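Enquirer: Protein chains in written order, with numbering that gives the first Met the number 0: chain A, 0 to 281; chain B, 0 to 267. Cβ coordinates follow ideal geometry from the N, Cα and C atoms, glycine included. Quick caveat, the model's predicted, so the values are computed rather than measured. So that we are looking at the same thing, I have put the structure below in structure tokens.
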Amino acid sequence: MAEVKLLQRTESVAQKLTGFILQTESLTKRFGNFTAVDTLTISIEAGDIFGLVGPNGAGKTTVIKMLTTLLPPTSGNASINGNSILHDPAKVRRVIGYVPQLLSADGALTGYENLLIFSKLYDVPRQERKKRISEVLDFMGLSDFSDRLVRTYSGGMIRRLEIAQAMLHRPKVLFLDEPTVGLDPVARKAVWQHIQQLRVDYGTTIFLTTHYMDEADQLCARLAIMHLGKVAAIGSPSELKSSVGETATLDDAFAYYSGAEVDSVGGYRETSRVRRTARRVG
Amino acid sequence: MQRLGIINYLGVIVNFTNKTLTIAELEARKLQHDFTELITRAVQPALWLLIFGEVLASIRAIPTGNLPYLDFMAPGILAQSVLFIAIFYGIAIIWERDLGIVHKFLATPTPRSALVLGKALSAGERGLAQAVIVYALAFGLGVHINWNIISLLLVVVVIILGSALFSTFSLIIACLVKTRERFMGIGQILTMPLFFASNAIYPISIMPKWLQVASQVNPLTYMTDALRALMLVNGPTVYGVPFDLLFLVVTNVVNVAIAAKLYPRVVI
């Protein structure tokens, strides 16, 4: 018993000392001759909301795929909560939650069933499942709709359900890939509020990618602007803005660091993917 | 220390089984919400039995020994409809990949092989629903059905094995071709030869030699052979039910192993 306590304390001390829940070292992914992510080295503090922004094709989704263990890096490494994505992918999967860019909740099931299946896949103990599910439903404001088929949900509700699915096991790091793409302004605001509340109530570290500078400005404590697979700039939104000019907006900073050729790289596949999501949520 | 090793090992097996059943539960819940799909699936076997079956039975063109042609054909049509459902599981995977569902499953601590086997069992659930329909149709057409409980249970086993086999095969192809358009083309190319180069609607003995060889490595032949023995009163078998089952189990193990290796690549 005493040993366990001690262990827990040393762990939390170690976390305080380094402070970083997620670190990447020269993380690189090449597809043939094309370098999608080029020696990415970033550190994220526990409890922060960290944003990765950049034009289409900058490598944001590839970074998320590597960190969520879906895609092995060509070289380099990353650790999440002390587990290496190379050597302990199974342990990494236990401490992360992931909401893909596309709509991934199952429309043929009810909201409750979507959550039930994932509580089982995430090894939430049997006796706790019901409680956990009603807790996340309540948190995301979906309790009244839990018995309805998800295909009858609005885009914003589906997004909230997906975030609920990804927080059932109380992950240390939650990955949100373009969480508000295709949502109307009201639904976006609702999603933002829930993301912020998630950090406050559960201390979850949130790693998100976005195209929207207003979203990055609102939510993120720190931001990295990616361009052609590299980090072009990193810092708090206000730091990034003032580094470009006194009256600069985040849009200016984005254009400055990503070379302003905003739509030069995203290919057909990415465009059709985003459009499809937009159509489904719209 | 060794004790701990065994407990770990058991834990892995329990975890694997639970996860597999969870994936299968997901499919069962979907089916429960959408009965119309099951009904529309009944049309194809009905057409085969009612039109093709009745016509060929009346001209007596196919030598089936003492067995009436409809009796001979009914287990073949059951095997065929299981094949047709399972072979398009791959396209469901590509669809789910395009939606991001596969990504989300792969990011959970679920063993890859459990994801694949869970999908295979899901195909089995649909196959069983199909079996109920074919049994009802066959009974209505006067096929001499064997209602022995053990035979029925073995039919369930054969259908699950067959569905799992063809759905994992389809999954492997989906992981290799990766797009819906290509899969649709290949799916057509595969299902027809699998169906016609088998004993589903005529005995292998009337085929030319080269086609006989092809039929004898076709899993659908062994599935049909087992179903014919089990579904009918005094059902005939060429290879024997134990050998049929063995063939289906071995091909299943190989397919699941290959599919589990390829499955994570579908998102790349």
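So with Cβ pairs under 8 Å, would you call B:GLY123 a contact of chain A?
Expert: Here residue 123 of chain B is taken as the residue at index 124 of the second sequence, counted from 1. No - not a single Cβ of chain A is within 8 Å of the one on B:GLY123.
Enquirer: Should the segment 203-215 of chain B be called in touch with the segment 39-52 of chain B, which here means at least 3 C-beta pairs below 8 Å?
Expert: As far as the Cβ criterion goes, the segment 203-215 of chain B does not touch the segment 39-52 of chain B, which means the pair count is below three.
Enquirer: Scan the segment 96-145 of chain B and note each continuous alpha helix (DSSP H) run of 4 residues or more that stays entirely inside, going in chain order.
Expert: Whole alpha helix (DSSP H) segments, 4+ residues: 100-105 and 111-139.
Enquirer: At a CB-CB cut-off below 9 Å, which residues of chain B make contact with A:ILE116?
Expert: On the first sequence, residue 116 of chain A is found 117 positions in, with the first residue counted as 1. Within chain B, the residues near A:ILE116 are THR21, ILE22, GLU24, LEU25 and ARG28.
Enquirer: Which residue comes first and which comes last in the alpha helix (DSSP H) that contains A:VAL111?
Expert: Numbered from its first residue, the first sequence carries residue 111 of chain A at position 112. Reading the sequence as shown, one finds Tyr at residue 111 of chain A and not Val. Element bounds for A:TYR111: 110-120.
Enquirer: Report back the beta-carbon spacing between B:ALA222 and B:ASN145 to the nearest angstrom; my notes put them in contact at under 8 Å.
Expert: Within the second sequence, numbered from 1, the residue matching residue 222 of chain B stands at position 223. Within the second sequence, numbered from 1, the residue matching residue 145 of chain B stands at position 146. Residue identity differs from the one stated: residue 222 of chain B is Met in this sequence, not Ala. That pair is no contact at about 17 Å.
Enquirer: Looking at C-beta atoms only, is the number of pairs between the segment 24-37 of chain B and the segment 105-112 of chain A that lie closer than 8 Å three or more?
Expert: Enough Cβ pairs lie closer than 8 Å, so yes.
Enquirer: Quick one: list the residues of chain E neighbouring B:VAL212, beta-carbon separation under 7 Å, in chain order.
Expert: Absent here is chain E; the protein component of the structure consists of chains A and B.
Enquirer: With a cut-off of 8 Å, does the C-beta of B:ASP33 fall near any C-beta of chain A?
Expert: Here the question's residue 33 of chain B lines up with position 34 in the second sequence. Cβ-Cβ to chain A under 8 Å: yes for B:ASP33.
Enquirer: Listed from N- to C-terminal order along the chain, which residues in the segment 169-203 of chain B have their beta-carbon within a distance smaller than 8 Å of any beta-carbon of chain A?
Expert: Listed in sequence order: no entries.
Enquirer: DSSP state of A:VAL12, grouped into three classes?
Expert: Translated into the one-based positions of the first sequence, residue 12 of chain A becomes position 13. Interpretation of A:VAL12 is limited by its pLDDT of 41, a score under 50 that renders its predicted location unreliable; no figure is taken from the coordinates.
Enquirer: Do B:LEU114 and B:ALA163 have their C-beta atoms closer together than 8 Å?
Expert: Indexing the second sequence from 1 puts residue 114 of chain B at position 115. Indexing the second sequence from 1 puts residue 163 of chain B at position 164. No, these two residues do not count as a Cβ contact at 8 Å.
Enquirer: Residues of chain A with a CB under 9 Å from the CB of B:HIS143: which are they?
Expert: On the second sequence, position 144 is the one that residue 143 of chain B refers to. Here the premise fails: no neighbours, minimum Cβ distance about 38 Å.
Enquirer: Would you say B:LEU9 faces chain A, with C-beta separation under 8 Å as the test?
Expert: Numbered from 1 along the second sequence, position 10 holds the residue referred to as residue 9 of chain B. Judged by the 8 Å Cβ criterion, B:LEU9 is not in contact with chain A.
Enquirer: Can you give me the C-alpha to C-alpha distance between A:ASP37 and A:THR27, rounded to a whole angstrom?
Expert: For the purposes of this step, residue 37 of chain A is taken as residue 38 along the first sequence, with counting starting at 1. For the purposes of this step, residue 27 of chain A is taken as residue 28 along the first sequence, with counting starting at 1. So the two alpha carbons sit approximately 5 Å from each other.
Enquirer: Check whether chain A comes within 8 Å of B:VAL107, counting only Cβ atoms and requiring the distance to be less than that.
Expert: Here residue 107 of chain B refers to the residue found at position 108 when the second sequence is read from its first residue. This sequence places Thr at residue 107 of chain B; Val is not what is there. Taking Cβ atoms only, chain A reaches closer than 8 Å to B:THR107, which makes this a yes.
Enquirer: Just to confirm, is the Cβ distance from B:ALA256 to B:LEU244 under 8 Å?
Expert: To locate residue 256 of chain B, count along the second sequence from 1; it is residue 257. To locate residue 244 of chain B, count along the second sequence from 1; it is residue 245. No. Outside cutoff.
Enquirer: Using a cut-off of 8 Å between C-beta atoms, extract the partners of A:ARG93 located in chain B.
Expert: Position 94 of the first sequence, counted from the first residue, corresponds to residue 93 of chain A. Here the neighbours are PRO108.
Enquirer: What does B:VAL266 touch in chain A if you count any residue whose Cβ is under 9 Å from its own?
Expert: For the purposes of this step, residue 266 of chain B is identified with residue 267 of the second sequence, where counting begins at 1. Near B:VAL266 (Cβ distances below 9 Å), the residues of chain A are LYS64, LEU69 and LEU70.
Enquirer: Nearest chain B C-beta to A:LEU21 closer than 8 Å, yes or no?
Expert: Mapped onto the first sequence, residue 21 of chain A falls at position 22. Not closer than 8 Å to any Cβ of chain B, the Cβ of A:LEU21 fails to qualify, so no.
Enquirer: Nearest-angstrom Cα distance between B:GLY64 and B:ASN251?
Expert: Stepping through the second sequence from its first residue, residue 64 of chain B is reached at position 65. Stepping through the second sequence from its first residue, residue 251 of chain B is reached at position 252. C-alpha separation (whole angstroms): 32 Å.
Enquirer: For the beta strand (DSSP E) that A:VAL230 lies in, which residues bound it at each end?
Expert: On the first sequence, residue 230 of chain A is found 231 positions in, with the first residue counted as 1. Looking at the DSSP string, the run of the beta strand (DSSP E) that includes A:VAL230 is 229-234.
Enquirer: What did DSSP end up calling A:ASP216 once you bin it into helix, strand or coil?
Expert: Start at 1 with the first residue of the first sequence, and residue 216 of chain A comes out as number 217. A:ASP216: helix per DSSP, three-state reduction.
Enquirer: Can you list the residues of chain B that A:PRO124 reaches, using a CB-CB cut of under 8 Å?
Expert: Position 125 of the first sequence, counted from the start, is the residue given in the question as residue 124 of chain A. In chain order: nothing, as chain B lies at least about 12 Å away.
Enquirer: Once DSSP output is grouped into helix, strand and coil, what is the label at A:ALA35?
Expert: To locate residue 35 of chain A, count along the first sequence from 1; it is residue 36. Of the three classes helix, strand and coil, the one that applies to A:ALA35 here is strand, per DSSP.
Enquirer: How is A:HIS193 classed by DSSP in three states: helix, strand or coil?
Expert: Position 194 of the first sequence, counted from the start, is the residue given in the question as residue 193 of chain A. In this structure, A:HIS193 counts as helix in the three-state DSSP scheme.
Enquirer: Is A:GLY31 buried or exposed, if buried means 16 or more other CB atoms sit within 10 Å of its CB?
Expert: Translated into the one-based positions of the first sequence, residue 31 of chain A becomes position 32. It is exposed - the Cβ of A:GLY31 has fewer than 16 other Cβ atoms within 10 Å.
Enquirer: How far does the alpha helix (DSSP H) with A:GLU177 in it reach, from first residue to last?
Expert: Mapped onto the first sequence, residue 177 of chain A falls at position 178. It is not in any alpha helix (DSSP H) - A:GLU177 carries neither H nor E in the DSSP assignment.
Enquirer: Please return the same chain residues whose Cβ sits closer than 8 Å to the Cβ of A:ALA189, not counting the five positions on each side in sequence.
Expert: Within the first sequence, the letter at position 190 stands for residue 189 of chain A. Contacts found: GLY140, GLY155 and ARG159.
Enquirer: Give me the subset of the segment 91-107 of chain B whose CB atoms are less than 8 Å from a CB atom of chain A, sorted by chain position.
Expert: Taking 8 Å as the Cβ-Cβ cut-off against chain A, the residues of the segment 91-107 of chain B that qualify are ASP97, LEU98, GLY99, ILE100, HIS102, LYS103, PHE104, LEU105, ALA106 and THR107.
Enquirer: Which term fits A:LYS64, buried or exposed, when burial requires 16 or more other beta carbons within 10 angstroms of its beta carbon?
Expert: Position 65 of the first sequence holds residue 64 of chain A. So A:LYS64 ends up on the buried side.
Enquirer: Contact criterion: CB-CB distance below 8 Å. Does A:LYS28 meet it with respect to chain B?
Expert: Walking along the first sequence from the start, residue 28 of chain A turns up at place 29. Closer than 8 Å: no.
Enquirer: DSSP three-state label for A:ALA77, please.
Expert: Here residue 77 of chain A corresponds to residue number 78 of the first sequence, with the count starting at 1. Note: A:ALA77 maps to strand in three-state DSSP.
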